[in-house]
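Enquirer: First the structure, then my questions, so here it is.
There are 2 protein chains.
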Amino acid sequence: MDGSAMVSVDLDILPDLLGYNVRTAQLALQRSFARAMSDSEMGSGLFGLLVLCGANPGIAQVQIAEHLNIDKASVVSLVDRSEERSWLQRRRSTTDRRRHGLFLTPEGMAYLSALKERMRVCEEALDDLFEPEERRQLISLLQRIRP
Amino acid sequence: MDGSAMVSVDLDILPDLLGYNVRTAQLALQRSFARAMSDSEMGSGLFGLLVLCGANPGIAQVQIAEHLNIDKASVVSLVDRSEERSWLQRRRSTTDRRRHGLFLTPEGMAYLSALKERMRVCEEALDDLFEPEERRQLISLLQRIRP
DNA sequence: TATTGTTATACTCTATAACTATA
DNA sequence: TATAGTTATAGAGTATAACAATA
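Top to bottom, those sequences are chains A and B.
The opening position of the first sequence corresponds to residue 1 in my numbering, with each subsequent residue numbered one higher.
The opening position of the second sequence corresponds to residue 1 in my numbering, with each subsequent residue numbered one higher.
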């Protein structure tokens with residue numbers, strides 16, 4: 001077998017690229033998140049939407065788009081799915097009728113609590129990898145990379 | 001307009017989550033990469049494939065999958081596209097006929113050189129954000145997050 | 001004119017499962 | 001039995017462009 005002759009693969013420039021390393025880490029985190037949320041079809045977009053609605057009742061879709069860094073058109077299907085599952089409601093604003101304020105339902109609030117707890121466990125699994133100071137450092141460095 | 005009444009959005013727990021920060025950074029990097037590669041339909045998977053083939057002539061698809069952290073089935077279409085564009089060739093191994101060794105063509109090698117140069121420029125744009133030591137630190141911390 | 005939300009459409013990336021051919 | 005590659009299928013996630021309602 002000539003594959004085993006290639007004892008190890010030369011990754012060339014990849015390990016020095018921020019893009020490659022961030023992508024690899026993101027794939028790993030995304031999968032561990034998906035495992036933690038296994039029962040549902042919860043994704044990072046849906047999770048972000050619920051968190052933002054929970055902390056900002058009446059938030060507009062365009063603000064969701066801005067803070068999740070996705071297009072406003074992409075927000076629509078996230079909101080549709082959440083509304084179908086009765087996690088949130090669109091309510092037409094009375095002062096600006098173009099705007100739909102987003103509000104969690106009681107079920108949505110309860111579900112969000114459970115999600116946050118699962119996320120806490122998920123993030124705790126990473127505590128083995130980093131000292132608290134290292135973790136802060138990592139997040140602070142990542143936050144310099146902005147759209 | 002009642003949206004302007006919401007002066008700033010409360011991001012709640014999101015800024016403390018590694019997952020959110022890595023995802024945000026990755027979206028930003030992915031877009032800047034896509035802009036830099038604007039003419040082509042180059043993506044991170046295709047780029048990684050060409051780099052690995054360039055540094056490891058005859059590498060097997062299963063090894064590509066392992067190092068790009070994707071399923072071997074997902075590698076097939078990347079290789080198909082690259083072969084259609086005459087960037088690489090599959091060659092059946094003579095010693096293990098299950099295996100397809102992957103080899104860059106001369107065009108593929110030339111194209112990869114150009115891609116690497118564009119990537120260098122792309123990564124250089126990040127030098128404003130980090131001191132060299134910070135950059136090393138960031139990559140080293142990211143590399144602890146493994147599949 | 002500009003903004004908010006929507007629809008329609010399409011593309012990328014990836015996974016899973018079942019298959020083949022080889023080992 | 002196990003491995004390398006393939007096919008077929010599906011789903012998540014996102015973008016773009018054109019549009020209606022409203023400001």
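Think of the CB as a built atom: it goes at the ideal place given N, C-alpha and C, for glycine as much as any other residue.
These figures come from a predicted structure and were not determined experimentally.
Taking CB distances under 8 Å as the criterion, tell me whether A:Glu41 reaches chain B.
Expert: no
Enquirer: By the three-class DSSP mapping on this structure, what secondary structure does B:Gln143 have?
Expert: coil
Enquirer: Between the region 57-69 of chain B and the region 61-74 of chain A, can you find at least three pairs of beta-carbon atoms closer than 8 Å?
Expert: no
Enquirer: Out of B:Gly45, B:Ala65, B:Pro15 and B:Val51, point me to the one whose CA is closest to B:Phe103's CA.
Expert: It is B:Val51 whose Cα lies nearest to the Cα of B:Phe103.
Enquirer: Run through chain A and tell me which residues come within less than 8 Å of B:Ser44, C-beta to C-beta.
Expert: Residues of chain A whose Cβ lies closer than 8 Å to the Cβ of B:Ser44 are, in chain order, Gly19, Tyr20 and Arg23.
Enquirer: Quick check on this structure: which residue in B:Gly54, B:Glu131 and B:Asp128 has the alpha carbon closest to the alpha carbon of B:Ala114?
Expert: For B:Ala114, the closest of B:Gly54, B:Glu131 and B:Asp128 by C-alpha to C-alpha distance is B:Gly54.
Enquirer: Tell me whether B:Leu138 sits in a helix, a strand or coil according to DSSP, three-state version.
Expert: helix
Enquirer: Tell me which same chain residues have a C-beta within less than 6 Å of the C-beta of B:Ala5, skipping the five on either side of it?
Expert: Unreliable positioning characterises B:Ala5 in this predicted model, as indicated by a pLDDT of 47, which lies under 50. A coordinate reading is not provided.
Enquirer: Which residues share a DSSP beta bridge with A:Leu88?
Expert: A:Leu104
Enquirer: With a CB to CB cut of under 7 Å and the five nearest residues on each side skipped, what residues in its chain are close to A:Arg92?
Expert: His100
Enquirer: Could you work out which residues of chain B lie near A:Lys72, taking near to mean beta carbons separated by less than 9 Å?
Expert: Result: empty, since nearest Cβ-Cβ is about 13 Å, beyond 9 Å.
Enquirer: With distance defined between alpha-carbon atoms, name the residue in A:Ala34, A:Phe130, A:Leu29 and A:Arg90 nearest to A:Thr105.
Expert: A:Arg90
Enquirer: So what's A:Ile64 in DSSP terms, helix, strand or just coil?
Expert: In the structure shown, A:Ile64 adopts helical secondary structure according to DSSP, grouped into three states.
Enquirer: Quick one: using the 10 Å Cβ neighbour count with 16 as the cut-off for buried, is B:Thr24 buried or exposed?
Expert: buried
Enquirer: If you draw a straight line from the alpha carbon of A:Gly108 to that of A:Val79, how long is it in whole angstroms?
Expert: A:Gly108 and A:Val79 have their C-alpha atoms roughly 12 Å apart.
Enquirer: Counting pairs of beta carbons, one from the region 119-132 of chain A and one from the region 81-89 of chain A, are three or more of them closer than 8 Å?
Expert: no
Enquirer: Is there at least one Cβ from chain B nearer than 8 Å to A:Leu138's Cβ?
Expert: yes
Enquirer: Using DSSP bridges, identify the partner residues of A:Ile59.
Expert: A:Leu102
Enquirer: Within 10 Å of its beta-carbon, does B:Ser140 have 16 or more other beta-carbons around it, so buried, or fewer, so exposed?
Expert: exposed
Enquirer: Ignore the nearest five residues each way along the sequence and tell me which others in A:Leu112's own chain have a CB closer than 6 Å to its CB.
Expert: Leu50 and Gly54
Enquirer: Note down the Cα distance separating A:Gly48 from A:Thr95, rounded to an integer number of angstroms.
Expert: 26 Å
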